[in-house]
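J.:
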Amino acid sequence: MSLGAIMGIDIGTTGCRAVVYRQDGVVIAGHSLEYPLYTPQAAYAEQDPEEIFQAVVEVTRAAAGQAQTSGQTINGVCFSAVMHSLIPVDASGYPLSRMLIWADSRSQQYTERLRADDASNEIYRKTGCPLHPMYPLSKVMWLKYERPDIFARTAKLIGIKEYIIYRLMGKYVLDKSLASATAIYNIHQQDWDDDLLHILGISAEILPEVKPTTYIEQGLKPEMATALGLDANIPFVLGASDGVLSTLGSGSVNAGQVTAMIGTSGAVRIVTDKPRSDEKRRTWCYNLTEDKWVLGGALSNGGIAFRWVKDKFADVEQRVAEKQGLDTYEILSRYAEQKPAGSDGLIMLPFFSGERAPYYNANTRGVLFGLNLNHGKRHLVRATMEGIIYRMFSILKSLEEISGKVTEIRAGGSFTRSPLWVQIMADVFGEVINVPGEPKGSAFGAAILGMYALGIISDIKEVNKFINIKKRYQPNMDNHERYQELYAIYERIYWNLQDEFTAIADIQRRWK
């Protein structure tokens, strides 16, 4: 007898995927697609909502078809979606501009206005969101003052998940998880904050209705049911953000368990039983379920920084990889392995897109420090990998100040494909790093949340029935000692360049 299945749809930054899981956690179908990112000028990061919608339709149809061919019944669908997106739409639901994504920092000047105001501490206390241009709070201000023609025609301010649900069902609904990642939502009152609405000069009606992450919606438009290959009345669980569902998907849902992941960006997260904030404003707090919240910090420059190295310095390696059927990143990882821990004193601050946690400074820029004539491409590759982990370590230290010493660290994301990179994390952290079996991630987290919402499991902690630890990376404490010396320099470089970061960011904006 078939166990039935749940589909998790993960709408990410660079692509989306639909994965169908049997109710025992086994993958039975899946499909993924990528879509473009548009960066027309410095600080801009945009995507086309329609391109993403069409990709979601295609991956859903493909995964549903595979599942049905194998004789599986899909009992429900649950969404995961990238955070901090903003789309102004008109009264007919048509996007009035491209979507501003989390990496878009054009609203920095409005973030600075808010930061200079006496109310900035109160904004963080209410929302759990440190002031940063990634948040829709700043993006809405930019739209209002820099694109007043578009703002005047805007009927709804939404994100990518709301756009997709509207296209599928004709309704604007938003889950508490994504709402808590807007910096407009009061995480204590669990509603749009009146004072912040007043600052923005908008009413709550222009924003979507907020529902629990386990809220179930039904009623696909007939043409959408046909396009997706699903029954029109299949339950759609609203779901949550990709960040918190990645944490759920890793199984790190017990006290003291931490998820450290690197994909395009990166994050370190821990689950808590109530909204919590940091008096130093280094961490955010986003909703997972009615009694679970995720405390953490995210960095903008994860895998995207490593990709920069590949794109700018590895033309030959990419051609070799194509001819030999290899992965270019695997070749670069081998390069890095040939150099010692600490890259012979070369330190990279990989802040190509500004930086988020733990200091939330969108003016930061990349820095390569300690160069000498002995350094070459292999040093640069390793220093970039190490620099990303240094920033992850700074977030971990912040979390430990707030929630206490961690008891377990689970690694996730595409960086786990590189054993060297995970070993660097173990060495920098000075902790054992556990890597779960088959990579689960946000799509699996969405499926688990869907099972919980539909009553298939009674507690999200049951996720660990489906997870095994594939590999444990033990720290090399000699390397850890070396990394601690370099990390201290890394931190001093950051703090000593505050004025220069601001100055160069200003020049780049003026010379764009």
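For the sequence shown, this note's numbering assigns the number 5 to the initial residue and increments by one for each residue that follows. We treat Cβ as the ideally placed atom computed from N, Cα and C, and that holds for glycine.
#1: In the DSSP assignment, find the alpha helix (DSSP H) that holds G391 and state where it starts and stops.
#2: P137 and A2 - do their beta-carbons sit closer together than 9 Å?
#3: What are the start and end residues of the alpha helix (DSSP H) that includes W425?
#4: How far does the alpha helix (DSSP H) with W499 in it reach, from first residue to last?
#5: For D14, does the count of other Cβ atoms within 10 angstroms reach 16, so buried, or fall short, so exposed?
#6: With a cut-off of 8 Å on the beta carbons, I'd call D197 and N190 a contact; round off their distance for me.
#7: Identify, in the order they occur along the chain, each residue of the same chain with its Cβ nearer than 8 Å to the Cβ of R129, setting aside the five sequence neighbours on each side.
#8: For D485, I'd like the list of residues in its chain whose CB is within less than 8 Å of its CB, leaving aside the five on either flank, ordered along the chain.
#9: Pick from V60, R119, L501 and V241: whose alpha carbon is nearest that of T368?
#10: Have a look at R382, S184, N237 and P212 and flag the residue whose alpha-carbon is nearest the alpha-carbon of M87.
#11: So E126 is in the alpha helix (DSSP H); what residue range does that whole segment cover?
#12: What residue does the alpha helix (DSSP H) around S36 start on, and which one ends it?
#13: So if DSSP puts M265 in a beta bridge, which residue, or which two residues, is it bridged to?
#14: What's the call for M5, buried or exposed, on a 16-neighbour Cβ count within 10 Å?
#15: Run the CB neighbour count on K284, radius 10 Å, all protein chains shown included, and call it buried at 16 or more, exposed below.
#16: Can you give me the C-alpha to C-alpha distance between D246 and D482, rounded to a whole angstrom?
#17: From the beta carbon of S124, is the nearest beta carbon of chain D less than 9 Å away?
#18: With DSSP collapsed to three states, give me the class of A309.
#19: Which residues does DSSP list as the beta-bridge partners of W196?
#20: What is the rounded straight-line gap between the Cα of M145 and the Cα of W288?
#21: Quick test of the definition: if touching needs 3 or more C-beta pairs under 8 Å, does the stretch 111-120 touch the stretch 368-377?
#22: So, for E321: in the same chain, excluding its five sequence neighbours on each side, which residues have a beta-carbon less than 6 Å away from its beta-carbon?
#23: Alpha helix (DSSP H) containing S337: first to last residue?
#24: Are there any heavy atoms of the ligand SAH lying less than 8 Å away from the beta-carbon of I91, as far as the coordinates show?
#25: In its own chain, which residues sit with a C-beta less than 6 Å from the C-beta of R65, not counting the 5 before and 5 after it?
#26: Going by C-alpha distance, which of V426, D503, S407 and G391 is nearest A492?
#27: Alpha carbons only, please: which of A309, G441, T73 and H35 is nearest the one belonging to A59?
#28: Using 8 Å for Cβ pairs, my map puts L490 next to I351. What's the rounded Cβ distance?
#29: Could you check where the beta strand (DSSP E) with L299 kicks off and where it finishes?
#30: Mapping DSSP to helix, strand and coil, what is N468?
#31: From which residue to which residue does the beta strand (DSSP E) around S245 run?
#32: For S250 versus A271, is the C-beta spacing smaller than 9 Å?
#33: Just verifying my parser: in three-state terms, what is the DSSP assignment at T251?
#34: In angstroms, rounded to a whole number, what distance separates the CA positions of E405 and Q222?
#35: Would you call E294 buried or exposed, if buried means 16 or more other Cβ atoms sit within 10 Å of its Cβ?
#36: Applying the 10 Å Cβ sphere with the 16-neighbour rule, what's the burial state of A511?
T.: Concretely, from the data shown:
#1: For the purposes of this step, residue 391 is taken as residue 387 along the sequence shown, with counting starting at 1. Start and end: K381 to S407.
#2: Nothing can be reported for residue 2: it is not among the residues displayed for the chain, which extend from 5 to 516.
#3: To locate residue 425, count along the sequence shown from 1; it is residue 421. P423 to F433 is the span of the alpha helix (DSSP H), which, as asked, contains W425.
#4: Within the sequence shown, the letter at position 495 stands for residue 499. Residues M481 to N500.
#5: Taking the sequence shown and counting its residues from 1, the one referred to as residue 14 is at position 10. Its Cβ being crowded by 16 or more others within 10 Å, D14 is buried.
#6: Taking the first residue of the sequence shown as position 1, residue 197 is located at position 193. Taking the first residue of the sequence shown as position 1, residue 190 is located at position 186. Right, the Cβ-Cβ distance comes to about 4 Å (below 8 Å), so this counts as a contact.
#7: Numbered from 1 along the sequence shown, position 125 holds the residue referred to as residue 129. Excluding positions up to five away in sequence, the list reads S281.
#8: The count along the sequence shown starts at 1 and reaches residue 485 at position 481. Here the sequence assigns Glu to residue 485, which means Asp is not the residue at that position. Excluding sequence neighbours, E485 sits near nothing in its chain.
#9: Numbered from 1 along the sequence shown, position 364 holds the residue referred to as residue 368. That would be L501, whose Cα lies nearest to the Cα of T368.
#10: Numbered from 1 along the sequence shown, position 83 holds the residue referred to as residue 87. For the residues R382, S184, N237 and P212, the minimum Cα distance to M87 belongs to S184.
#11: Looking up residue 126 in the sequence shown gives position 122. S124 to T131 is the span of the alpha helix (DSSP H), which, as asked, contains E126.
#12: Translated into the one-based positions of the sequence shown, residue 36 becomes position 32. First-last for S36: V31 to E38, but that is the beta strand (DSSP E), not the alpha helix (DSSP H).
#13: Counting from 1 along the sequence shown, the entry for residue 265 is found at position 261. Paired residues: A271 and G416.
#14: Within the sequence shown, the letter at position 1 stands for residue 5. In this prediction, M5 has a pLDDT of 39, which is less than 50 and means its spatial position is unreliable; nothing more can be read from the coordinates.
#15: Start at 1 with the first residue of the sequence shown, and residue 284 comes out as number 280. The residue in question, K284, is exposed, as its Cβ has fewer than 16 Cβ neighbours within 10 Å.
#16: The residue you call residue 246 lines up with position 242 of the sequence shown. The residue you call residue 482 lines up with position 478 of the sequence shown. Between D246 and D482, the C-alpha separation is close to 36 Å.
#17: Considering every chain present, this structure includes no chain D. It has just one protein chain.
#18: Here residue 309 is taken as the residue at index 305 of the sequence shown, counted from 1. Three-state result, A309: helix.
#19: To locate residue 196, count along the sequence shown from 1; it is residue 192. W196 pairs with Y189.
#20: Here the question's residue 145 lines up with position 141 in the sequence shown. Here the question's residue 288 lines up with position 284 in the sequence shown. Their Cα atoms are separated by approximately 21 Å.
#21: no
#22: Translated into the one-based positions of the sequence shown, residue 321 becomes position 317. T332 and I335.
#23: Locating residue 337 in the sequence shown gives position 333, where the first residue counts as 1. Taken as a continuous stretch (DSSP letters only), the alpha helix (DSSP H) holding S337 covers T332 to E341.
#24: No copy of the ligand SAH appears in this structure; indeed no ligand is present at all.
#25: In the sequence shown, residue 65 corresponds to position 61, counting from 1. Taken in chain order, the residues that qualify are L232 and G233.
#26: Position 488 of the sequence shown, counting from 1, holds the residue named residue 492. Among V426, D503, S407 and G391, the Cα nearest to that of A492 belongs to G391.
#27: By 1-based counting over the sequence shown, the position of residue 59 is 55. It is H35 whose Cα lies nearest to the Cα of A59.
#28: Taking the sequence shown and counting its residues from 1, one reaches residue 490 at position 486. Taking the sequence shown and counting its residues from 1, one reaches residue 351 at position 347. Confirmed, Cβ separation roughly 6 Å.
#29: Mapped onto the sequence shown, residue 299 falls at position 295. From DSSP, the beta strand (DSSP E) with L299 extends over K296 to L303.
#30: For this step, residue 468 is matched to residue 464 along the sequence shown. The answer is helix: DSSP assigns N468 an H, G or I state.
#31: Taking the first residue of the sequence shown as 1, we reach residue 245 at position 241. It spans F240 to S245 - the beta strand (DSSP E) in which S245 sits, taken as one unbroken run.
#32: The count along the sequence shown starts at 1 and reaches residue 250 at position 246. The count along the sequence shown starts at 1 and reaches residue 271 at position 267. Their beta carbons are under 9 Å apart, which means S250 touches A271 by this criterion.
#33: In the sequence shown, counting from the first residue as 1, residue 251 sits at position 247. Reduced to three states, the DSSP call for T251 is helix.
#34: Position 401 of the sequence shown, counted from the start, is the residue given in the question as residue 405. Position 218 of the sequence shown, counted from the start, is the residue given in the question as residue 222. Rounded to the nearest angstrom, the two C-alpha atoms are 43 Å apart.
#35: For this step, residue 294 is matched to residue 290 along the sequence shown. Exposed, by the Cβ-count rule.
#36: Here residue 511 refers to the residue found at position 507 when the sequence shown is read from its first residue. This sequence places Ile at residue 511; Ala is not what is there. I511 should be labelled exposed.
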